[in-house]
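These notes concern the structure reproduced below.
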Amino acid sequence: MQIRTVATTPFTDQKPGTSGLRKRVPVFQQQHYLENFVQSIFDTIGTPPGSTLVLGGDGRYYNREAIQVILKMAAANGYARVLVGRGGILSTPAASCLIREYRTHGGIILSASHNPGGPEGDFGIKYNGGNGGPATETVTEAIFAASRKIAEFHIADTADIVLDRDGDHEIGDMTVSVIDPVAAYAGLMESLFDFAAIRSLLKGGFRIRFDAMHAVTGPYAQEILVNRLGALPDSVMNAVPLPDFGKGHPDPNLTYAHELVEIMYRADAPDFGAASDGDGDRNMILGKRFFVTPSDSLALLAANAYLVPGYRRGLAGIARSMPTSAAADRVARELGIPCFETPTGWKFFGNLMDAGKVTLCGEESFGTGSDHIREKDGLWAVLFWLNILAARRQPVETILMEHWAHYGRNVYSRHDYEDIPADAANSVMKLLHDRFAELQGAQFGNLQVKRCDDFSYTDPVDGSVSTGQGVRIMFTDGSRIVFRLSGTGTGGATLRIYLESFEPDVSRHHLDAQLLLAELIGIASQISELRERTGREQPTVIT
Ligand code: G16
Numbered sequence: 111m112q113i114r115t116v117a118t119t120p121f122t123d124q125k126p127g128t129s130g131l132r133k134r135v136p137v138f139q140q141q142h143y144l145e146n147f148v149q150s151i152f153d154t155i156g157t158p159p160g161s162t163l164v165l166g167g168d169g170r171y172y173n174r175e176a177i178q179v180i181l182k183m184a185a186a187n188g189y190a191r192v193l194v195g196r197g198g199i200l201s202t203p204a205a206s207c208l209i210r211e212y213r214t215h216g217g218i219i220l221s222a223s224h225n226p227g228g229p230e231g232d233f234g235i236k237y238n239g240g241n242g243g244p245a246t247e248t249v250t251e252a253i254f255a256a257s258r259k260i261a262e263f264h265i266a267d268t269a270d271i272v273l274d275r276d277g278d279h280e281i282g283d284m285t286v287s288v289i290d291p292v293a294a295y296a297g298l299m300e301s302l303f304d305f306a307a308i309r310s311l312l313k314g315g316f317r318i319r320f321d322a323m324h325a326v327t328g329p330y331a332q333e334i335l336v337n338r339l340g341a342l343p344d345s346v347m348n349a350v351p352l353p354d355f356g357k358g359h360p361d362p363n364l365t366y367a368h369e370l371v372e373i374m375y376r377a378d379a380p381d382f383g384a385a386s387d388g389d390g391d392r393n394m395i396l397g398k399r400f401f402v403t404p405s406d407s408l409a410l411l412a413a414n415a416y417l418v419p420g421y422r423r424g425l426a427g428i429a430r431s432m433p434t435s436a437a438a439d440r441v442a443r444e445l446g447i448p449c450f451e452t453p454t455g456w457k458f459f460g461n462l463m464d465a466g467k468v469t470l471c472g473e474e475s476f477g478t479g480s481d482h483i484r485e486k487d488g489l490w491a492v493l494f495w496l497n498i499l500a501a502r503r504q505p506v507e508t509i510l511m512e513h514w515a516h517y518g519r520n521v522y523s524r525h526d527y528e529d530i531p532a533d534a535a536n537s538v539m540k541l542l543h544d545r546f547a548e549l550q551g552a553q554f555g556n557l558q559v560k561r562c563d564d565f566s567y568t569d570p571v572d573g574s575v576s577t578g579q580g581v582r583i584m585f586t587d588g589s590r591i592v593f594r595l596s597g598t599g600t601g602g603a604t605l606r607i608y609l610e611s612f613e614p615d616v617s618r619h620h621l622d623a624q625l626l627l628a629e630l631i632g633i634a635s636q637i638s639e640l641r642e643r644t645g646r647e648q649p650t651v652i653t
């Protein structure tokens with residue numbers, strides 16, 4: 111095998127966002143674009159002797175091509191072994207699971223998560239460290255810095271590896287092990303949840319529907335829900351991963367998972383519905399004609415964790431991202447455990463979990479997970495819910511209503527304005543900053559502003575500081591509006607408005623969130639001059 115060292119010049123736009131580098135496929139197809147970024151990763155993380163790497167992706171367009179390039183570069187950069195999922199497939203949680211199980215020098219995950227795929231769609235690449243979690247900001251900054259001064263990359267001249275059969279192959283001194291992408295992950299799930307109880311629930315006629323959205327979770331759901339738990343074969347829909355996700359948008363929310371939503375709102379709806387995203391780390395939970403917000407889901411899992419074998423020992427603490435509702439904080443208070451508020455991005459939970467400070471984590475962006483791995487985990491959340499349902503034998507809606515009756519309801523919604531011109535989005539954010547002083551103490555109907563700021567976070571473990579993480583307008587009654595620009599989009603800018611209020615009155619708990627939040631929605635529009643500055647009348651997505 112010959113190793114080639116190829117001269118290259120830097121690209122200026124290889125700065126990882128909320129979760130890795132995400133760009134349109136044609137950007138990645140530019141000569142040396144992928145190679146530059148991969149070499150920047152290798153130059154940053156080094157290659158200790160005998161290192162193993164995990165490699166796989168969500169099966170989207172360009173996944174296979176990228177895997178072949180990365181394998182040849184890993185060989186040229188001195189790796190001893192690479193574990194690749196069969197067909198190049200690994201869900202993000204399964205990759206995290208493998209990194210931890212094999213104690214590898216981290217892994218490379220190819221995904222743009224919930225963003226659409228295909229020749230004109232999105233592609234993405236991120237590095238996860240040896241703890242199985244997304245690289246910290248310090249590491250992603252170092253990768254970016256390396257990408258700005260790269261002058262050469264190393265690649266082995268060799269034939270492509272056959273990815274569709276399990277087995278070992280050699281590239282020079284490096285072994286490529288093509289492995290079952292599902293087995294280790296499914297085993298981990300079986301160790302956490304009461305599979306016998308879930309099996310008996312399903313056997314008793316409890317009907318479920320899981321939408322894999324033509325993305326990576328199909329094979330995982332098939333093996334776990336159908337083969338191991340005995341769910342009916344039609345319980346898993348859109349189960350074959352396709353490079354363009356069937357031209358869909360694999361984002362499990364009420365807008366993009368509409369096929370599932372229609373099924374769950376029919377008169378003969380199944381008892382439980384769920385969907386996951388492109389790379390399998392997000393989840394949406396539905397009951398019969400009932401949507402569970404991700405913020406409520408986190409709180410509910412925490413309150414019911416004592417019913418689940420893997421969590422019966424108790425929770426060390428809970429963490430949620432700042433824009434996520436404070437529903438989980440109420441549960442933490444009652445359990446007498448800490449609740450941490452971090453910036454958006456799963457990478458901020460890693461240190462807390464590694465330090466044993468938290469067990470459960472969640473984000474409003476349809477992410478929930480625990481310290482079993484270091485990524486959020488879509489199917490894990492589905493199994494956690496099924497375990498609770500098997501233990502409580504009540505409908506999803508009843509469980510939520512009982513939860514709210516006990517803790518009160520943190521009424522919550524997120525309004526997304528997608529693909530707006532970056533200038534307009536930035537001007538909205540600047541306007542809000544400029545208004546901090548004027549808003550202080552301002553009265554809007556019954557609501558009075560208590561405080562405004564731009565959220566910043568000091569990591570309690572390593573002391574690192576992250577600033578500019580979202581503008582918060584907080585009211586005296588505990589309601590709040592948060593404005594934040596997404597860090598995961600690839601076209602224009604996405605402005606997110608997060609709205610939250612607290613409703614203690616049980617007689618109002620069944621009311622629609624948009625209705626309960628109407629006053630806050632009006633204030634958000636007024637103070638941001640959103641319509642005037644973006645020309646948008648309505649959000650693109652409401653969750
Ligand atoms: C990523 C991150 C999440 C984050 C989400 C939304 O999820 O891993 O932690 O909450 O993006 O981020 P933003 O609001 O910046 O778009 P995923 O599923 O896309 O990897």
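Heads up: the sequence shown begins at 111 in the working numbering, then just goes up one per residue. Every residue, glycine too, gets a C-beta built ideally from N, C-alpha and C.
>> Can you look up residue 274 in the DSSP assignment and give me helix, strand or coil?
In response: For the purposes of this step, residue 274 is taken as residue 164 along the sequence shown, with counting starting at 1. Reduced to three states, the DSSP call for residue 274 is coil.
> Going by DSSP, what residues sit across from residue 114 in a beta bridge?
Replying inline: Your numbering for residue 114 matches position 4 in the sequence shown. 265.
> Do the stretch 496 to 508 and the stretch 299 to 308 make contact, defined as three or more Cβ pairs closer than 8 angstroms?
Replying inline: Of all C-beta pairs linking the stretch 496 to 508 to the stretch 299 to 308, three or more are shorter than 8 angstroms, placing the two stretches in contact.
> Which whole-angstrom value is the C-beta distance of residue 370 and residue 383, which I expect to be below 8 angstroms?
Replying inline: The residue given as residue 370 occupies position 260 in the sequence shown. The residue given as residue 383 occupies position 273 in the sequence shown. The beta carbons of residue 370 and residue 383 sit about 6 angstroms from each other, so the pair counts as a contact at 8 angstroms.
> Where residue 231 and residue 506 are concerned, what is the direct C-alpha to C-alpha distance, given to the nearest angstrom?
Replying inline: The count along the sequence shown starts at 1 and reaches residue 231 at position 121. The count along the sequence shown starts at 1 and reaches residue 506 at position 396. Those two C-alpha atoms are separated by around 35 angstroms.
> Do residue 183 and residue 148 have their C-beta atoms closer together than 8 angstroms?
Replying inline: As a position in the sequence shown, residue 183 is number 73, starting the count at 1. As a position in the sequence shown, residue 148 is number 38, starting the count at 1. Yes, they are a contact pair.
> Would you call the CB atoms of residue 549 and residue 585 closer than 8 angstroms?
Replying inline: To locate residue 549, count along the sequence shown from 1; it is residue 439. To locate residue 585, count along the sequence shown from 1; it is residue 475. Contact flag unset, no.
>> Here's the rule I'm using: 16 or more other beta-carbon atoms within 10 Å means buried, otherwise exposed. How should residue 441 be labelled?
In response: Position 331 of the sequence shown, counted from the start, is the residue given in the question as residue 441. Its Cβ being crowded by 16 or more others within 10 Å, residue 441 is buried.
> Any heavy atom of the ligand G16 within a distance shorter than 7 angstroms of the CB on residue 391?
Replying inline: In the sequence shown, residue 391 corresponds to position 281, counting from 1. Result yes, Cβ under 7 angstroms from the ligand G16.
> Expressed to the nearest angstrom, what Euclidean distance is found between the alpha-carbon atoms of residue 471 and residue 453?
Replying inline: To locate residue 471, count along the sequence shown from 1; it is residue 361. To locate residue 453, count along the sequence shown from 1; it is residue 343. Those two C-alpha atoms are separated by around 12 angstroms.
>> Run through the DSSP bridge pairs and tell me what residue 428 is partnered with.
In response: Mapped onto the sequence shown, residue 428 falls at position 318. As DSSP reads the structure, residue 428 sits in a beta bridge with 449, 470.
> For residue 483, which three-state DSSP category applies?
Replying inline: Numbered from 1 along the sequence shown, position 373 holds the residue referred to as residue 483. Coil at residue 483, not helix or strand.
>> Just to check my reading of the structure: residue 114 and residue 265 have Cβ atoms closer than 8 angstroms, yes? What is that Cβ distance to the nearest angstrom?
In response: Here residue 114 is taken as the residue at index 4 of the sequence shown, counted from 1. Here residue 265 is taken as the residue at index 155 of the sequence shown, counted from 1. Between residue 114 and residue 265, the beta carbon gap of about 5 angstroms places them in contact (Cβ cut-off 8 angstroms).
> What distance in whole Å lies between the Cβ atoms of residue 611 and residue 589, which are believed to be in contact at a cut-off of 8 angstroms?
Replying inline: Your numbering for residue 589 matches position 479 in the sequence shown. Your numbering for residue 611 matches position 501 in the sequence shown. So it is a contact: roughly 4 angstroms between Cβ atoms.
> Using CA coordinates, which residue listed in 641, 527, 629 is at the minimum distance from residue 691?
Replying inline: Residue 691 lies beyond the range of the chain shown here (111 to 653); nothing can be said about it.
>> Let's test the definition: count the other Cβ atoms within 10 Å of the Cβ of residue 158 and tell me whether it reaches 16, buried, or not, exposed.
In response: By 1-based counting over the sequence shown, the position of residue 158 is 48. Counting C-beta atoms within 10 angstroms of its own C-beta, residue 158 has fewer than 16 neighbours from the protein chains shown and is therefore classed as exposed.
> In terms of DSSP beta bridges, what is residue 583 paired with?
Replying inline: Position 473 of the sequence shown holds residue 583. Paired residue(s): 562, 591.
> Whole beta strand (DSSP E) runs in the stretch 483 to 523 with 3 or more residues, listed along the chain?
Replying inline: None, since the stretch 483 to 523 contains no complete beta strand (DSSP E) of that length.
> Measuring CB to CB, does residue 219 end up less than 8 angstroms from residue 238?
Replying inline: By 1-based counting over the sequence shown, the position of residue 219 is 109. By 1-based counting over the sequence shown, the position of residue 238 is 128. It is a contact, given that the beta carbons lie within the stated cut-off.
>> I'd like the ranges of any alpha helix (DSSP H) spanning at least 4 consecutive residues and lying wholly in the stretch 360 to 392.
In response: For secondary structure counted as the alpha helix (DSSP H) over 4 or more consecutive residues, the stretch 360 to 392 holds these complete runs in sequence order: 368 to 374.
>> Quick check on this structure: which residue in 564, 154, 368, 643 has the alpha carbon closest to the alpha carbon of residue 255?
In response: As a first step, residue 255 must be located in the sequence shown, where it is residue number 145. Cα-wise, what sits closest to residue 255 is 154.
> If you count every other CB in all the chains shown that lies within 10 Å of the CB of residue 630, and 16 or more means buried, which is it?
Replying inline: To locate residue 630, count along the sequence shown from 1; it is residue 520. Residue 630 is buried by the Cβ-count criterion.
> Does DSSP put residue 173 in a helix, a strand or coil?
Replying inline: The residue labelled residue 173 in the question sits at position 63 within the sequence shown. DSSP places residue 173 in helix when its eight states are reduced to three.
> Which partner residues does residue 553 have in the DSSP bridge list?
Replying inline: Position 443 of the sequence shown, counted from the first residue, corresponds to residue 553. According to DSSP, residue 553 bridges with 558.
>> Check whether the stretch 535 to 545 and the stretch 638 to 649 are in contact - that is, three or more C-beta pairs closer than 8 angstroms.
In response: Segments in contact, yes.
>> Can you tell me whether residue 574 sits near the ligand G16, meaning its C-beta is under 7 angstroms from at least one heavy atom of the ligand?
In response: As a first step, residue 574 is located in the sequence shown; it is residue number 464 there, counting from the start. No, the beta carbon of residue 574 sits no closer than 7 angstroms to any heavy atom of the ligand G16.
> Just curious, the alpha helix (DSSP H) that residue 289 is in, first and last residue?
Replying inline: Position 179 of the sequence shown, counted from the first residue, corresponds to residue 289. Careful: residue 289 lies outside any alpha helix (DSSP H), inside the beta strand (DSSP E) at 284 to 289.
> Tell me which same chain residues have a C-beta within less than 7 angstroms of the C-beta of residue 414, skipping the five on either side of it?
Replying inline: Along the sequence shown, read from residue 1 onward, the residue named residue 414 stands at position 304. In its chain, beyond the 5 residues on either side, 498 have a beta carbon closer than 7 angstroms to the beta carbon of residue 414.
>> Could you check whether the stretch 454 to 468 touches the stretch 374 to 383, counting it as contact only if at least three pairs of C-beta atoms, one from each stretch, sit closer than 8 angstroms?
In response: Per the Cβ contact rule, the stretch 454 to 468 is not in contact with the stretch 374 to 383 (fewer than 3 Cβ pairs under 8 angstroms).
>> My assumption, with CB atoms under 8 angstroms, is that residue 487 sits in contact with residue 224. Please give the rounded CB distance.
In response: Residue 487 sits at position 377 when you count from the first residue of the sequence shown. Residue 224 sits at position 114 when you count from the first residue of the sequence shown. Wrong, their Cβ atoms sit about 15 angstroms apart, outside the cutoff.
> Sorted by chain position, which residues of the same chain lie with C-beta nearer than 7 angstroms to residue 345's C-beta, five sequence neighbours on each side aside?
Replying inline: On the sequence shown, position 235 is the one that residue 345 refers to. So the qualifying residues of the chain are 318, 319, 320, 335, 336.
> Since residue 236 is in the alpha helix (DSSP H), which residue starts that stretch and which ends it?
Replying inline: The residue you call residue 236 lines up with position 126 of the sequence shown. For residue 236, there is no enclosing alpha helix (DSSP H); the enclosing beta strand (DSSP E) covers residues 232 to 238.
> Near residue 143, what residues of its chain come up, given a Cβ to Cβ distance below 7 angstroms and the 5 sequence neighbours on each side ignored?
Replying inline: Counting from 1 along the sequence shown, the entry for residue 143 is found at position 33. Sequence-distant partners of residue 143 (beyond 5 residues in either direction) whose C-beta falls short of 7 angstroms from its own C-beta, in its chain, are 121, 137.
>> Can you tell me whether residue 473 is buried or exposed? The criterion is at least 16 other CB atoms within 10 Å of its CB, across all chains shown.
In response: As a working mapping, residue 473 is identified with position 363 in the sequence shown. So residue 473 counts as buried.
>> When you measure from the CB of residue 456 to every non-hydrogen atom of the ligand G16, does any distance come out below 7 angstroms?
In response: As a working mapping, residue 456 is identified with position 346 in the sequence shown. A distance criterion of 7 angstroms places the beta-carbon of residue 456 in contact range of the ligand G16, judged by its closest non-hydrogen atom.
>> Can you find the residues in the same chain that come closer than 6 angstroms, C-beta to C-beta, to residue 278, ignoring five residues on each side of it along the sequence?
In response: Within the sequence shown, residue 278 is the residue found at index 168, counting from 1. Excluding positions up to five away in sequence, the list reads 285, 287.
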